[in-house]
């Protein structure tokens with residue numbers, strides 16, 4: 001839901017086929033208004049700063065400027081506009097650079113075509129989406145600093161996720177966490193399963209270790225997690 005307000009989107013792409021495909025998707029969403037389409041970074045920057053759309057979708061490869069550099073320029077001059085980088089394929093290094101430049105999300109070609117509508121709603125509500133395919137390494141990235149890697153990991157979890165993770169790290173059971181968050185035990189179990197999939201871990205012990213090791217919550221593991 002968007003509280004009855006249309007999500008104002010500006011698309012920036014120099015790829016004709018990609019642009020046409022995304023325009024078709026965006027114009028077919030009844031909760032989105034595609035305010036403008038730009039083919040160059042210069043045109044996009046001028047239009048976005050002037051109009052201040054809710055979300056800007058920027059293609060990675062723009063003529064004359066890198067998409068990451070364009071993100072930095074827009075976020076400095078239009079801080080209320082949420083910037084999403086669009087890439088043909090997963091590139092963790094670019095994902096980290098985009099986050100550090102001010103992007104709120106990183107979407108691949110598959111996500112653009114299958115999940116763009118739901119993603120826009122989540123982003124508009126304040127979520128950050130930096131998802132990696134299940135086959136990709138999660139917690140260690142060759143060539144990337146640990147702190148930068150952790151920034152991307154942290155961006156994938158909202159405040160409720162963090163409370164749930166803190167409960168796991170503290171060794172609380174699903175029932176105890178559910179009482180804390182006013183959720184059913186079944187809901188907690190389902191949410192934990194999703195989080196473990198995202199972090200590529202298979203049990204609560206591995207999850208608790210990953211949570212603390214990667215700074216997802218600011219607390220130590222005090223004792224072994226419960227069943």
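Residue numbers (UniProt numbering): 1 to 227.
Note that CB positions come from ideal geometry on N, CA and C, so glycine has one too.
Asked	Found
Nearest candidate by alpha-carbon position, reference residue 9, set 41, 40, 51	51
Neighbourhood of residue 34 by C-beta distance below 7 Å, restricted to the same chain and skipping five residues each side	9, 11, 23, 26, 27
C-alpha distance - residue 40 paired with residue 88, whole-angstrom precision	18 Å
Delimiting residues of the alpha helix (DSSP H) encompassing residue 101	92–101
Candidates 216, 84, 106, 6: closest to residue 164 by CA position	216
Boundaries of the alpha helix (DSSP H) in which residue 47 is found, first to last residue	41–51
Alpha carbon of residue 196 to alpha carbon of residue 160, nearest angstrom	15 Å
Nonlocal neighbours in the same chain, by C-beta distance under 8 Å from residue 72, ignoring five residues either side	101, 102
Within 8 Å, strictly: CB atoms of residue 62 and residue 86	no
Beta-carbon proximity list for residue 112, same chain, < 7 Å, skipping 5 on both sides	22, 86
For residue 105: DSSP bridge partner residues	84, 129
Which residues DSSP lists as bridging residue 180, in chain order	Residue 180 is not bridged to any residue.
Between the CA atoms of residue 81 and residue 49 - distance to the nearest angstrom	9 Å
Buried versus exposed, by CB contacts within 10 Å (16 or more), residue 60	buried
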